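First residue of the sequence shown? That's 142 in the working numbering, and the numbers climb one at a time after it.
Taking it in order: structure first as structure tokens, then the write-up.
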Amino acid sequence: MPPTTLTSLPAELRQQILADTITIKISERDGFNLSTPAAGVCKLFLADVEEIRRSWLPPPSTPTIIQNPSGVDGLVLLDAFYKERAEDTKREWPGINSIRIYVFSTETTSWPPRPSYDKTVRNPLRPYGLFNLRWTWVDEANFRLPSSIQHVVVDMNLPAAQVQRIEEAGPDGPHVPKGRKNPYFKFQREYWSEALPQMQSLVHSIVAAVIPSRNYERSDVKWLPEKETLAIVANGVTFEMVGELPQSQAQVVAAWLIFKDEYSSHGQEYSTTMCNDAVFDRYLSTVKQSYCDIAEEKRGRRKATAKRSRERRKERENEQKRKREEYGKDAAAGAKRARMEEL
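Written out as structure tokens, the structure reads:
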């Protein structure tokens with residue numbers, strides 16, 4: 142007896158199995174679509190997937206991915222579409238309870254660069270907006286999360302192509318001015334100085350989307366021990382941040398935070414607020430050690446400079462003292478000669 146395979150199963154059972162492999166993807170360009178690797182395996186599975194689409198209602202735990210912040214309005218369309226299907230077919234549908242939002246677009250390609258403040262070369266990381274990072278959610282004023290949502294994963298990982306692009310705009314990269322004495326970090330620092338506050342703002346604005354509609358006046362922070370990170374909770378909806386700053390950028394961001402602290406009237410308040418925000422608890426974990434290392438190095442340089450200054454001041458004082466002593470000796474000798482001449 143030949144072994145039972147997925148292709149040999151009855152169509153109804155096979156389609157029930159394939160339905161569990163579906164992921165919902167929402168994008169700015171295409172609205173929402175159903176994606177499954179099974180569709181590319183064979184024509185039989187492709188036909189099964191097409192059949193599933195016609196009547197399927199997604200289980201609450203169906204993986205649902207919003208591929209860029211501009212696609213969040215598609216979530217409302219998704220919710221309305223399946224609610225209508227459930228009503229038309231007289232079925233119950235509780236809605237989706239978990240979504241994943243990519244802060245950085247997985248769709249956007251690079252845009253033409255504009256001149257940076259360093260006029261000798263164009264900054265490839267600053268197009269007509271931040272590379273792959275939206276300034277706001279689409280229709281932010283009217284956007285509300287569906288009431289079924291209980292868990293939102295905010296994915297702050299950079300696409301691999303963007304990491305490469307950022308690294309190429311740093312020391313020894315092909316897109317930076319040549320012949321500089323010190324490593325060139327201006328483009329990267331300029332990028333992160335705008336990107337990080339904007340990422341923070343985007344996350345807090347999506348958290349705020351559940352507050353007005355649920356009459357909730359505040360959000361809390363809780364520790365997720367199994368993931369060793371903080372999460373923001375607003376009216377029972379947990380916002381979990383995933384992703385880490387690329388290791389290659391830790392030193393750049395740490396140096397920028399130190400700069401902000403040094404020129405702030407509140408001391409280290411800026412970096413403390415940024416790093417301790419639940420949005421960046423994990424994301425900036427690699428920056429904290431770099432911050433301490435750079436700060437310690439700068440303190441060491443200041444101490445060395447102060448020591449050299451004290452030594453030079455001491456040398457000047459000793460030189461002046463020596464000259465005064467020599468002058469006094471010369472004056473005494475001159476007076477003695479004058480008295481002897483008078484005799």
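All residues carry an ideal CB built from backbone N, CA and C; glycine is no exception.
No experiment lies behind these values; they were computed from the predicted model shown.
query	result
Bounding residues of the alpha helix (DSSP H) (the contiguous stretch that carries Y223)	D214 to D229
With 16 other Cβ atoms within 10 Å as the buried cut-off, status of R451	exposed
Range of the contiguous alpha helix (DSSP H) that encloses M340	K327 to A349
The stretch 333-352 in contact with the stretch 380-390 per 3-pair CB rule at 8 Å	yes
Proximity below 8 Å, CB of L159 to CB of I207	no
Sequence-distant residues of its chain with Cβ nearer than 6 Å to A179 (five each side left out)	L159, T162 and F186
Three-state class that DSSP yields for V383 in the structure shown	strand
L425 and L386 closer than 8 Å at C-beta	yes
Which of helix, strand or coil DSSP assigns to D259	Low confidence applies to D259: its pLDDT is 49, below 50, so where it sits in the model is not reliable, and the reading given next is rough at best. Residue state, collapsed to three classes: coil.
Cα-Cα separation between K401 and I307, rounded to whole angstroms	21 Å
Beta-carbon gap between L198 and R226 smaller than 8 Å	yes
N356 versus V374: straight-line alpha-carbon distance, rounded	Because the pLDDT at N356 is just 44, under 50, the model does not fix this residue reliably, and the value given afterwards should be weighed accordingly. Each residue's alpha carbon lies about 14 Å from the other.
DSSP-derived helix/strand/coil call for N507	Within the shown structure, residues of the chain are numbered from 142 to 484, placing residue 507 beyond reach of any answer.
Residue range of the unbroken alpha helix (DSSP H) whose run includes V362	Here V362 belongs to no alpha helix (DSSP H); instead the beta strand (DSSP E) covers D361 to L365.
A330 and V393 closer than 8 Å at C-beta	Per the sequence shown, the amino acid found at residue 330 is Arg instead of Ala. For R330 and V393, yes; Cβs fall inside 8 Å.
Pairwise C-alpha distance: V304 and K444	36 Å
Beta-carbon separation (whole angstroms), P204 vs I242, contact threshold 8 Å	The Cβ separation is near 13 Å, so there is no contact.
Contact check, P201 vs N238, beta carbons under 8 Å	yes
Rounded separation between C183 and P338 - CA only	46 Å
Integer Cβ distance of L216 from G172, believed to fall under 8 Å	Not confirmed; about 10 Å, so no contact.
Cα-Cα separation, G181 to V244	28 Å
Nearest-angstrom Cα separation, counted from P300 out to K419	In the sequence as displayed, the identity of residue 419 is Ala instead of Lys. When rounded, the distance between both Cα atoms is 22 Å.
Cβ shell of A395 (< 7 Å), same chain only, five flanking positions each side left out	V428, S431, Y432 and I435
Supposed contact pair D220 and P287 - C-beta distance, whole angstroms, cut 8 Å	4 Å
Per-residue burial, S412 [other beta carbons within 10 Å of its own, 16 or more giving buried]	buried
Beta carbon of N298 nearer than 8 Å to that of G212	no
Residue range of the alpha helix (DSSP H) that includes S168	Run containing S168: none in the alpha helix (DSSP H); it sits in the beta strand (DSSP E), T164 to S168.
Close Cβ partners of E358 (< 6 Å) along its chain, the five nearest in sequence each way excluded	Residue placement at E358 cannot be trusted, given a pLDDT of 49 that sits under 50; what the coordinates show is reported in the next sentence. For E358, where only same-chain residues beyond five positions count, there are no Cβ hits under 6 Å.
Between the CA atoms of L365 and V279 - distance to the nearest angstrom	Below a pLDDT of 50, predicted positions are generally treated as unreliable, and V279, at 48, falls in that range; the measurement from the model is reported next regardless. Approximately 30 Å between the Cα atoms of the pair.
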